[in-house]
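Novice:
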Amino acid sequence: MQGGGIFDAVATVQDAIAYAEKTQTPLFALSLDFTEAFDRISHIYLFKLLSGYGFSTKVTGFIKDMYDQAYSSIHINGHTMGPIPIQCGVPQGSLLSMLLFALSLNSLLWLLD
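Heads up: the sequence shown is residues 34 to 146, going by the numbering used here.
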């Protein structure tokens, strides 16, 4: 029988709790949900992050220009509303978006470490 999934995760958490209780070690548990994570990255955070990583103002400005001009429209029953400025998220499917997402995730992981 192969293990996997939620049951292994529960066993791991139970083992961690038992170990922490036995050794009187403080325990911290964190659950992260990356569902629709590409859609939730703040553009303001992203631009500050790029500057913090040392990207040149030219590169940061190029990316900022791409995202500052991003708009969407809603089309329902033949009626169109918009344009609506997009203030968070990176488009899925482009290599640049994957890099930007990885950079934003890396800073979180570094902070947690």
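The beta carbon of each residue, even a glycine, is placed where N, CA and C say it ideally should be.
Here the structure is a predicted model, which means the values were calculated and not measured.
Measuring alpha carbon to alpha carbon, tell me which residue in T113, Q57, I74 and L138 is nearest I119.
Specialist: On the sequence shown, position 86 is the one that residue 119 refers to. Measuring from the Cα of I119, the nearest candidate turns out to be I74.
Novice: How would you label G210, buried or exposed, when you count the other beta carbons within 10 angstroms and need 16 or more for buried?
Specialist: The structure shown does not extend to residue 210, since the chain is modelled only from 34 through 146, so no value can be given for it.
Novice: Kindly indicate which three-state DSSP category G111 falls into: helix, strand or coil?
Specialist: Walking along the sequence shown from the start, residue 111 turns up at place 78. G111 falls in the coil class under three-state DSSP.
Novice: Quick one: give me the first and last residue of the alpha helix (DSSP H) that I74 is part of.
Specialist: In the sequence shown, the residue the question calls residue 74 occupies position 41. First-last for I74: undefined, no H or E at that position.
Novice: Please name the residue in F71, G115, G87 and L129 whose C-alpha comes closest to that of M99.
Specialist: Working through the sequence shown from its first residue, we reach residue 99 at position 66. M99 has its Cα closest to that of L129, out of F71, G115, G87 and L129.
Novice: Can you name the residues that DSSP bridges to I119?
Specialist: Numbered from 1 along the sequence shown, position 86 holds the residue referred to as residue 119. Beta-bridge pairing links I119 to no other residue.
Novice: Write down the C-beta distance between L82 and L141 rounded to the nearest angstrom, noting that I regard them as a contact closer than 8 Å.
Specialist: Locating residue 82 in the sequence shown gives position 49, where the first residue counts as 1. Locating residue 141 in the sequence shown gives position 108, where the first residue counts as 1. Between L141 and L82 the Cβ distance is about 10 Å, and since that is not below 8 Å, they are no contact.
Novice: Cβ atoms of S105 and I96: under 9 Å apart, would you say?
Specialist: One-based indexing of the sequence shown puts residue 96 at position 63. One-based indexing of the sequence shown puts residue 105 at position 72. Not closer than 9 Å, so no.
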